[in-house]
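I have placed the structure first, in the form of structure tokens, so that the comments after it can refer back to it.
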Amino acid sequence: MKYLIIGLGHYGSMLAMELTAMGHEVAGVDGNSLHVDSVKDRMAASFVLDATDETALSVLPLKSVDAAIVAIGDNFGASVRIVSLLKKLKVKRIYARAVDEVHKAVLEAFSIDRILTPEQDAARLLAQQLELDGGAELFQIDENAYVFKFVVPSKLVGYHLNELNLEQEFGIKLISLIKGKQIQNFLGISVFEREVSNAFPEDYALQQGDGLVCYGPYSRFMQFWKSVR
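Here this note's numbering is used: the first residue of the sequence shown is 9, the next is one more, and so on.
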């Protein structure tokens, strides 16, 4: 995909490099030539210009990109003006970074495709990982719903799946069973292999090394997690 990133500070430059590394075509824009010089060799194209100026902004390949990302965080006025101009110029898809709730509220008024809150998201993710104590992985679907993947705690080994009562007691749905087993590879070395199954018998007895993938609210999962740890 083709992306245009406006604002090549720390966040914007890291985003540009990550997207490029994933194989996407990235163009970057910043009014500071030093910011552009630091990453220009890692992008398909780069521009030194004032993106708050409509004439300057209109020379960019706005019609050919799949999304424009306003990565500016420290200049509230510039961020809002650029988003306004991108809407006026009918850019296909617009993402914008917000650094606080006021910034986010103003951007919401433009009905853009997505508001990015990297600082808040990073803090929330770290807090959740600390609470989970490294025993589970999670992926956020929307504001309340998450997918959780975890190795079965030793406390649950031997229980049948239907004895967990995940949906009835905790309001979380079991999506997949990950069976773990020791096998020998072609060198005769014992290795641990995992097999994901989306169809499984309810009376399956959980084994050491098995994993589960569940879906539901974070708070309800934590009720379950604390009860089995």
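Where a beta carbon is used, it is the ideal one built from N, C-alpha and C, also for glycine. These figures come from a predicted structure and were not determined experimentally.
### Exposure label - V47; buried when at least 16 CB within 10 Å
buried
### Task
Under 6 Å Cβ to Cβ from L70, same chain only, skipping five residues before and after it: list those, please.
L97, V99
### Message
Using a Cβ distance threshold of 8 Å, determine whether the segment 114-134 contacts the segment 175-189, with at least three qualifying pairs required.
### Response
no
### Query
Exposed or buried, what is D58 when buried is set at 16 or more other beta-carbons lying within 10 Å of its beta-carbon?
exposed
#### Entry: Assigned exposure category for I149 - 16 Cβ within 10 Å defines buried
exposed
### Element boundaries [beta strand (DSSP E), containing Y103]
102-105
### Bridge partner(s) assigned by DSSP for Y19
Note: Y19 sits in no beta bridge, so no partner.
### Task
Might you give, ordered along the chain, the residues of its own chain that have their beta carbon closer than 8 Å to the beta carbon of H32, omitting 5 neighbours on each side?
M9, K10, Y11
### Task
Would you check if there are 3 or more beta carbon pairs closer than 8 Å linking the segment 202-215 to the segment 165-180?
yes
### Query
With distances taken from CA atoms, which of L115, V160, L16 is nearest V34?
L16
### Endpoints, the beta strand (DSSP E) within which S54 is located
53-56
### Buried versus exposed, by CB contacts within 10 Å (16 or more), M30
exposed
### Task
Tell me where the beta strand (DSSP E) around A130 begins and ends.
Taken as a continuous stretch (DSSP letters only), A130 belongs to no beta strand (DSSP E), being part of the alpha helix (DSSP H) at 126-140.
### Message
Taking the straight line between their C-alpha atoms, what separation do you get for C222 and S235?
### Response
16 Å
### Message
As a quick exercise: from R105, A113, G142, pick the residue whose alpha carbon is nearest that of D129.
### Response
R105
### Task
If I'm right that F178 touches F232 with Cβ under 8 Å, what's the distance once you round it to whole angstroms?
4 Å
### Task
Return the chain-ordered list of same chain residues with a C-beta closer than 7 Å to the C-beta of F84, the five sequence neighbours on each side being excluded.
H111
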